[in-house]
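Student: Have a look at this one before I ask anything.
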Amino acid sequence: MVENKNLYACKDHIEVALDDYINFEENAPYMVEVSDEEQVVCSYCEQKAKYKLLS
Ligand SMILES: [Zn+2]
Numbered sequence: 005m006v007e008n009k010n011l012y013a014c015k016d017h018i019e020v021a022l023d024d025y026i027n028f029e030e031n032a033p034y035m036v037e038v039s040d041e042e043q044v045v046c047s048y049c050e051q052k053a054k055y056k057l058l059s
């Protein structure tokens, strides 16, 4: 994972994303819901992201 890169996750991958984040950062992320205006895709699949993980 690139440092300071935000992780995005759809509802199916939020648990994987949280695990990955904690493994890499050794810290719990700040999780925010992605608004409908933001066109971002999940970091694990092609679906629209629903959550964003911030440090
Ligand atoms: Zn996904």
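Residue 59, in the working numbering, is where the sequence shown stops; the numbers in between run on with no holes.
Here a beta-carbon is modelled for each residue, glycine too, at the ideal position from N, C-alpha and C.
In or out: residue 15 buried (at least 16 other Cβ within 10 Å) or exposed?
Tutor: Classification of residue 15: exposed, given that the 10 Å Cβ count is below 16.
Student: Is residue 12 near residue 46, with beta carbons less than 8 angstroms apart?
Tutor: In this structure, residue 46 lies closer than 8 angstroms to residue 12 by Cβ.
Student: In three-state terms, what does DSSP make of residue 37?
Tutor: Three-state DSSP puts residue 37 in a strand.
Student: Any beta-carbon of chain C closer than 8 angstroms to the one on residue 14?
Tutor: Given the protein chain composition of this structure (a single chain), no chain C is represented.
Student: Judging by CA-CA distance, which residue of 58, 59, 48 is the nearest neighbour of residue 20?
Tutor: Minimum Cα distance to residue 20 is reached at 48.
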